[in-house]
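Numbering (this note's numbering), first residue to last: 144 to 514.
C-beta atoms are modelled at their ideal positions from N, C-alpha and C, and glycine is treated no differently.
Bear in mind the structure is a predicted one, so any value in this text is a computation, not a measurement.
Notes for the one structure printed next.
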Amino acid sequence: MTKSKLKRKFFTVVLPVAAGVFTLLFAAACCNVRKRMGELPDEAEIRRRAALPNYKDGRFVNQEPVTLDRKKVASSGGMWRFLFSSENAPDRELPVLPRNCGSFPAEPAEFSVTWLGHSSLIFELGGKRFLTDPVFGNAAPLPGIVRRYCAPPLPRRELPELDFILISHDHYDHLEYDTIRALRDSKVPFVTALGVGARLRGWGIAADRIHELNWHDSATVAGVKITALPARHFSGRSLKDRDRTLWASYIFEANGKKIFFGGDSGYGKHFREIGDAHGPFDLTCLEIDAWNERWPDNHMFPHQTIRAHRDLRGRELLPIHWGVFDLAMHPWDESIRQIAGLAAESEIPLLTPRMGETVTPGQSETGRWWE
144 MTKSKLKRKF FTVVLPVAAG VFTLLFAAAC CNVRKRMGEL PDEAEIRRRA
194 ALPNYKDGRF VNQEPVTLDR KKVASSGGMW RFLFSSENAP DRELPVLPRN
244 CGSFPAEPAE FSVTWLGHSS LIFELGGKRF LTDPVFGNAA PLPGIVRRYC
294 APPLPRRELP ELDFILISHD HYDHLEYDTI RALRDSKVPF VTALGVGARL
344 RGWGIAADRI HELNWHDSAT VAGVKITALP ARHFSGRSLK DRDRTLWASY
394 IFEANGKKIF FGGDSGYGKH FREIGDAHGP FDLTCLEIDA WNERWPDNHM
444 FPHQTIRAHR DLRGRELLPI HWGVFDLAMH PWDESIRQIA GLAAESEIPL
494 LTPRMGETVT PGQSETGRWW E
């Protein structure tokens with residue numbers, strides 16, 4: 144075949160076929176991303192919420208304003224680091240304790256907690272078992288982006304029997320499409336903040352399994368009272384849906400025990416207000432990571448976590464939202480090292496289980512496994 148014929152074949156056959164294949168792959172990727180973003184509340188839901196004090200012009204609002212300097216984040220190379228590289232990741236294998244369904248007791252304990260990493264925890268309270276913010280893969284709509292430091296200690300398929308699942312808000316590191324889809328045929332109820340139910344329904348969870356709460360609303364599920372309370376944060380799974388769904392902190396109460404689960408929140412006056420109205424707490428689970436001066440109000444700095452624990456009148460502190468994803472600009476263990484030192488100085492009992500380890504607040508002793 145002559146050179147001219149080869150050139151003609153390339154432009155008339157090979158190039159169009161390649162372009163067609165690329166277009167199909169691109170369309171499939173876009174469809175997959177859109178599916179994982181989830182649905183938003185419909186017009187009827189929006190109209191029903193128009194009079195809520197924490198809802199304005201179609202979006203939820205904080206009690207106190209939050210700051211996010213997008214230009215500084217972009218100019219620092221932060222977005223590239225979030226998406227692809229993780230120079231602050233551990234340089235060794237983390238000591239994860241492998242678990243499976245059979246490693247949990249058939250009858251849940253009266254008071255225990257198993258940290259699965261980040262904000263995913265299995266609580267056993269009053270003989271009931273529930274799971275918070277279950278994320279077993281990466282924290283983004285596409286694979287290979289915002290990757291985990293290590294595999295989860297408990298595979299998704301090995302989850303024990305649950306009485307309910309709580310989703311604090313709709314960010315990717317707290318709400319995972321694959322997990323929700325895997326649970327769509329089960330009967331386990333979901334508790335979440337206003338608007339997040341639309342995401343769940345769009346992924347196949349029946350409406351009668353979903354309890355949506357506004358701040359200061361309560362629901363009792365399987366004998367556990369859950370109260371949603373303010374947090375200082377934001378929501379959204381794309382560039383166009385910020386704050387269309389609510390974010391919240393939560394209280395779990397049963398058999399005289401009380402747990403505060405902070406979800407994601409910057410420091411604010413709400414911690415003192417919650418402590419005054421609902422404290423003391425046997426256990427506070429508060430975020431310690433993803434802080435940065437470029438977004439000072441969206442996540443707590445370690446010293447603010449200590450202050451929040453005091454405001455809440457907490458007895459024991461279990462740090463969460465760390466150890467799995469690189470979501471800030473500091474080494475993976477900097478937050479826990481700071482918290483450990485600050486807690487010791489303040490004489491605050493600290494629970495630091497390994498991923499996969501079950502502890503009993505007030506009884507268990509944990510070590511500095513990150514060192």
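query                                                                                                                                                                                          : result
Is it buried or exposed, Ala349, if we count other Cβ atoms within 10 angstroms and call 16 or more buried?                                                                                    : exposed
Under 8 Å, with one C-beta from each stretch per pair, do the stretch 344-362 and the stretch 316-324 reach the 3-pair mark?                                                                   : yes
Pick out whichever of Leu460, Asn357, Ser408, Phe468 has its Cα sitting closest to the Cα of Pro439.                                                                                           : Ser408
Kindly list the residues whose CB is nearer than 6 Å to the CB of Arg458, restricted to its own chain and excluding five residues on each side of it in sequence; keep chain order.            : Asp425
If you reduce the DSSP assignment to three classes, tell me which class His359 lands in.                                                                                                       : coil
Going by DSSP in three states, His354 sits in which element: helix, strand or coil?                                                                                                            : strand
Count the other CB atoms within 10 Å of the CB of Gly201; is the residue buried (16 or more) or exposed (fewer)?                                                                               : exposed
Starting from the C-beta of Asp384, find all residues in its chain whose C-beta is less than 7 Å away, skip the five residues before and the five after it, and write them out in chain order. : Leu183
Within this structure, are the beta carbons of Thr335 and Leu297 separated by less than 8 Å?                                                                                                   : no
If you run the structure through DSSP and keep just helix, strand and coil, what is Gly457?                                                                                                    : strand
Note down the Cα distance separating Ser219 from Gln481, rounded to an integer number of angstroms.                                                                                            : For Ser219, the predicted structure reports a pLDDT of 49, less than 50, and the residue's modelled location is therefore unreliable. A value from the coordinates is still provided. Roughly 24 Å between the two C-alpha positions.
Opposite Pro462 in the DSSP bridges: which residues?                                                                                                                                           : Leu429
Just to confirm, is the Cβ distance from Leu429 to Pro474 under 8 Å?                                                                                                                           : no
Can you name, in chain order, every residue of its own chain whose Cβ lies under 6 Å from the Cβ of Gly270, other than the five neighbours on each side?                                       : Pro251
Which ranges would you report for the beta strand (DSSP E) in the stretch 264-337 if only whole runs of at least 3 residues count?                                                             : 271-275, 307-310, 333-336
Measuring only the C-alpha atoms, how far is Val256 from Phe395?                                                                                                                               : 12 Å
Whose CA, out of Glu304, Trp512, Leu274, lies closest to the CA of Ile369?                                                                                                                     : Leu274
By alpha-carbon positions, which one of Pro504, Ala487, Thr509, Ile491 ends up nearest to Glu267?                                                                                              : Pro504
Just to confirm, is the Cβ distance from Arg342 to Asp313 under 8 Å?                                                                                                                           : yes
Are the beta-carbon atoms of Ile479 and Trp465 separated by less than 8 Å?                                                                                                                     : yes
Grouping DSSP H, G and I as helix and E and B as strand, with all else coil, what is Ser408?                                                                                                   : coil
With DSSP run on the structure shown, which of helix, strand or coil describes Thr370?                                                                                                         : strand
Does the Cβ-Cβ distance between Leu294 and Tyr315 come in under 8 Å?                                                                                                                           : Reading the sequence as shown, one finds Ala at residue 294 and not Leu. Cβ atoms of Ala294 and Tyr315: not closer than 8 Å.
If you run the structure through DSSP and keep just helix, strand and coil, what is Ser219?                                                                                                    : Per-residue confidence for Ser219 stands at a pLDDT of 49, beneath the threshold of 50, marking its modelled position as unreliable; the derived number appears in the next sentence. Coil, per DSSP.
Whose C-alpha, out of Trp512, Glu508, Gly499, is nearest the C-alpha of Arg242?                                                                                                                : Gly499
DSSP has Trp258 in a bridge; who is on the other side?                                                                                                                                         : Leu264
Per DSSP, Val573 is paired with what?                                                                                                                                                          : One cannot answer for residue 573 here, as it falls past the ends of the chain, which runs 144 to 514.
In terms of residues, what are the limits of the beta strand (DSSP E) holding Ala341?                                                                                                          : It is not in any beta strand (DSSP E) - Ala341 instead sits in the alpha helix (DSSP H) that spans 339-345.
Buried or exposed for Asp419, please, with buried defined as at least 16 other CB atoms from any protein chain shown within 10 angstroms of its CB.                                            : exposed
Run the CB neighbour count on Ser311, radius 10 Å, all protein chains shown included, and call it buried at 16 or more, exposed below.                                                         : buried
Could you tell me which of Phe377, Gly422, Asn435, Gly405 sits nearest to Gly399, measuring between CA atoms?                                                                                  : Gly422
Would you report the Cα separation of Pro492 and Arg190, rounded to the nearest angstrom?                                                                                                      : 46 Å
How would you label Ala193, buried or exposed, when you count the other beta carbons within 10 angstroms and need 16 or more for buried?                                                       : exposed
Would Asn205 and Arg375 be called neighbours here (beta carbons separated by less than 8 Å)?                                                                                                   : yes
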